[in-house]
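A.B. asks:
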Amino acid sequence: MLPISCVNCCFNGLQYDTIGTSFGFCTEHKKVLLSPSETTCGRLLRKDLLLPSARRQNELHAQRYTPSAVCSLRTGSPVNGTHASSDRADIKLLQQDPVSDSIVNYGRLGTKIASLAQLKVLPGPRAELALLSLGRTYVQRCIDRGGSWKSGLHLMWWTGSRLAEDPRIDLADLRVELSISIARQVELAKWALMMLRLTFVSDVGHHASSSKEPIRKLADLPEEAAADTNALSASKLRLWIKRNGVKRFDAALPESRYERLSSELSRAEGDAG
546 MLPISCVNCC FNGLQYDTIG TSFGFCTEHK KVLLSPSETT CGRLLRKDLL
596 LPSARRQNEL HAQRYTPSAV CSLRTGSPVN GTHASSDRAD IKLLQQDPVS
646 DSIVNYGRLG TKIASLAQLK VLPGPRAELA LLSLGRTYVQ RCIDRGGSWK
696 SGLHLMWWTG SRLAEDPRID LADLRVELSI SIARQVELAK WALMMLRLTF
746 VSDVGHHASS SKEPIRKLAD LPEEAAADTN ALSASKLRLW IKRNGVKRFD
796 AALPESRYER LSSELSRAEG DAG
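Heads up: the sequence shown begins at 546 in the numbering used here, then just goes up one per residue.
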């Protein structure tokens, strides 16, 4: 996986590392990505980086690639009909799959949070991958528009509730062929998905960093997990999360506080309506 390609962009919820489909879908440009390892654009938000680094890399990336079109990774020029498709027939085929359908519908007619809620209840790692990827972009966009970290409150709680869950990776969830054992491919896919959970939690922690909220203390969670486990091992990472990550999360956002903040948000939304 090329880290600056569409495969590794949060706006493409269909793929990450070895998980997903062979094609992608960009929720920004509303295009099916036919060869996403060969394309990119100036809006790239890397899945594999924590928020501060992802932002810095985005600024650098936008100096070479326009944010207004899907571009060739090699030349930097818009692909102009190749490598990406907005053909209605292609999109309809994509929508036959429940996860892809939620991704295609993300943001259409103001349905971003509805699409995220649909992904939350869909089973399997592909749905969780899409939820975490698009969740990162959703919270970032809310912050950019003057919102607070609380725009990610429910996504944060949903992610925390499955933080130490063992991802169930089926062979159909693997999108690439590698010259390593299938067992090792599954292991790496599990590791990547669990790290993506921690990365989303870290994002919200960074968004809360200017406040006195306990959530801000979760910003360094993925770095601590990587340093302490020191291996691409799903079993070691899951054990670390069970022993350390869950405890840290529960201390920062206990259920009683989540319920109180949820009630406050509901009242604020009611007043705004």
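Every residue gets a Cβ at the ideal spot worked out from N, C-alpha and C, and that includes glycine.
Run through DSSP, which three-state label would Phe745 get?
C.D. replies: Position 200 of the sequence shown, counted from the first residue, corresponds to residue 745. Correct three-state label for Phe745: helix.
A.B. asks: State the Cα-Cα distance for the pair Ser747 and Leu639, rounded to the nearest angstrom.
C.D. replies: As a working mapping, residue 747 is identified with position 202 in the sequence shown. As a working mapping, residue 639 is identified with position 94 in the sequence shown. Looking at the two C-alpha atoms, the distance is approximately 31 Å.
A.B. asks: Which term fits Glu604, buried or exposed, when burial requires 16 or more other beta carbons within 10 angstroms of its beta carbon?
C.D. replies: Translated into positions along the sequence shown, residue 604 becomes position 59. Its Cβ having fewer than 16 others within 10 Å, Glu604 is exposed.
A.B. asks: Leaving out the 5 sequence neighbours to the left and right, which residues in its chain are closer than 8 Å to Gly669 when beta-carbon positions are compared?
C.D. replies: Numbered from its first residue, the sequence shown carries residue 669 at position 124. Same-chain partners within the cutoff: Val644, Arg713, Asp715, Asp718.
A.B. asks: Check this for me: beta carbons of Cys551 and Leu590, under 8 Å apart or not?
C.D. replies: Against the sequence shown, residue 551 aligns to sequence position 6. Against the sequence shown, residue 590 aligns to sequence position 45. The answer is no: Cβ separation not under 8 Å.
A.B. asks: Could you tell me the distance, in whole angstroms, from the CA atom of Thr744 to the CA atom of Lys637?
C.D. replies: Within the sequence shown, residue 744 is the residue found at index 199, counting from 1. Within the sequence shown, residue 637 is the residue found at index 92, counting from 1. Going by the C-alpha atoms only, they are around 32 Å apart.
A.B. asks: Determine the burial state of Glu809: buried for a count of at least 16 other Cβ atoms within 10 Å of its Cβ, exposed for fewer.
C.D. replies: Taking the first residue of the sequence shown as position 1, residue 809 is located at position 264. The residue in question, Glu809, is exposed, as its Cβ has fewer than 16 Cβ neighbours within 10 Å.
A.B. asks: Drop a sphere of 10 angstroms on the beta-carbon of Ser630, count the other beta-carbons inside from all chains shown, and report buried for 16 or more, exposed for fewer.
C.D. replies: One-based indexing of the sequence shown puts residue 630 at position 85. Label assigned to Ser630: buried.
A.B. asks: Helix, strand or coil: how does DSSP classify Ile714 here?
C.D. replies: The residue labelled residue 714 in the question sits at position 169 within the sequence shown. Residue state, collapsed to three classes: coil.
A.B. asks: Do you know how far the Cα of Asp632 is from the Cα of Gly558?
C.D. replies: To locate residue 558, count along the sequence shown from 1; it is residue 13. To locate residue 632, count along the sequence shown from 1; it is residue 87. For Gly558 and Asp632, the distance between alpha carbons rounds to 19 Å.
A.B. asks: Decide if the region 686-706 is in contact with the region 796-811; the criterion is three or more beta carbon pairs, one per stretch, under 8 Å apart.
C.D. replies: With the cut-off at 8 Å, the region 686-706 and the region 796-811 touch.
A.B. asks: Alpha carbon to alpha carbon, how far is Ala662 from Leu763? Give it in angstroms, no decimals.
C.D. replies: Here residue 763 refers to the residue found at position 218 of the sequence shown. Here residue 662 refers to the residue found at position 117 of the sequence shown. Straight-line Cα distance between these residues: approximately 23 Å.
A.B. asks: Could you say if the region 582-589 and the region 605-618 meet the contact criterion of at least three C-beta pairs nearer than 8 Å?
C.D. replies: As far as the Cβ criterion goes, the region 582-589 touches the region 605-618, which means the pair count is three or higher.
A.B. asks: Which same chain residues end up closer than 6 Å to Ile732 when comparing Cβ atoms and leaving out the 5 residues on each side of it in sequence?
C.D. replies: As a working note, residue 732 is residue 187 in the sequence shown. Before going further, note that residue 732 is Glu rather than Ile in the sequence given. So the list reads Ala779, once near-sequence residues are dropped.
A.B. asks: Can you give the Cα-Cα distance for Ser567 and Arg720, rounded to whole angstroms?
C.D. replies: Start at 1 with the first residue of the sequence shown, and residue 567 comes out as number 22. Start at 1 with the first residue of the sequence shown, and residue 720 comes out as number 175. For Ser567 and Arg720, the distance between alpha carbons rounds to 6 Å.
A.B. asks: Using 8 Å as the threshold, is the C-beta distance between Glu711 and Arg788 below it?
C.D. replies: Here residue 711 refers to the residue found at position 166 when the sequence shown is read from its first residue. Here residue 788 refers to the residue found at position 243 when the sequence shown is read from its first residue. Going by the sequence as given, residue 711 is Asp instead of Glu. No, Cβ-Cβ distance for Asp711 and Arg788 is not below 8 Å.
A.B. asks: Run the CB neighbour count on Tyr561, radius 10 Å, all protein chains shown included, and call it buried at 16 or more, exposed below.
C.D. replies: Position 16 of the sequence shown, counting from 1, holds the residue named residue 561. Label assigned to Tyr561: buried.
A.B. asks: Taking the continuous beta strand (DSSP E) assigned at Cys571, which residues delimit it?
C.D. replies: On the sequence shown, residue 571 is found 26 positions in, with the first residue counted as 1. Taken as a continuous stretch (DSSP letters only), the beta strand (DSSP E) holding Cys571 covers 569-571.
A.B. asks: Thinking just about the alpha-carbon of each residue, which of Gln608, Leu594, Arg619, Ser598 is nearest to the one in Pro581?
C.D. replies: Translated into the one-based positions of the sequence shown, residue 581 becomes position 36. The shortest C-alpha separation from Pro581 is found at Arg619.
A.B. asks: Under the DSSP definition of a beta bridge, which residues are partnered with Thr585?
C.D. replies: Walking along the sequence shown from the start, residue 585 turns up at place 40. Answer is Cys616, bridged to Thr585.
A.B. asks: So, helix, strand or coil for Gly558, using DSSP?
C.D. replies: Mapped onto the sequence shown, residue 558 falls at position 13. In the structure shown, Gly558 sits in coil (DSSP, three-state: anything other than H, G, I, E or B).
A.B. asks: Label Leu741 either buried or exposed according to how many other C-beta atoms from any shown protein chain fall within 10 Å of its C-beta, with 16 as the threshold for buried.
C.D. replies: Walking along the sequence shown from the start, residue 741 turns up at place 196. Flag for Leu741 reads buried.
A.B. asks: Between Thr682 and Phe570, how many whole angstroms is the CB-CB distance? I'm expecting something under 8 Å.
C.D. replies: As a first step, residue 682 is located in the sequence shown; it is residue number 137 there, counting from the start. As a first step, residue 570 is located in the sequence shown; it is residue number 25 there, counting from the start. In fact, because the Cβ distance is near 13 Å, the residues do not count as touching under 8 Å.
A.B. asks: Taking 8 Å as the limit between beta carbons, can you name the residues of its chain near Lys576, skipping five residues before and five after?
C.D. replies: What you label residue 576 is simply residue 31 of the sequence shown in a count that begins at 1. Same-chain partners within the cutoff: Phe570, Val615, Ala629, Ser630, Ser631.
A.B. asks: Which residue from Ser678, Leu777, Gly626 puts its Cα closest to that of Lys592?
C.D. replies: Sequence index remark: in the sequence shown, residue 592 carries index 47 (1-based). Of Ser678, Leu777, Gly626, the residue nearest in Cα terms is Ser678.
A.B. asks: One question on the structure: do Val684 and Val749 come within less than 8 Å of each other, judged by their Cβ atoms?
C.D. replies: Working through the sequence shown from its first residue, we reach residue 684 at position 139. Working through the sequence shown from its first residue, we reach residue 749 at position 204. Cβ distance < 8 Å, so Val684 and Val749 count as in contact.
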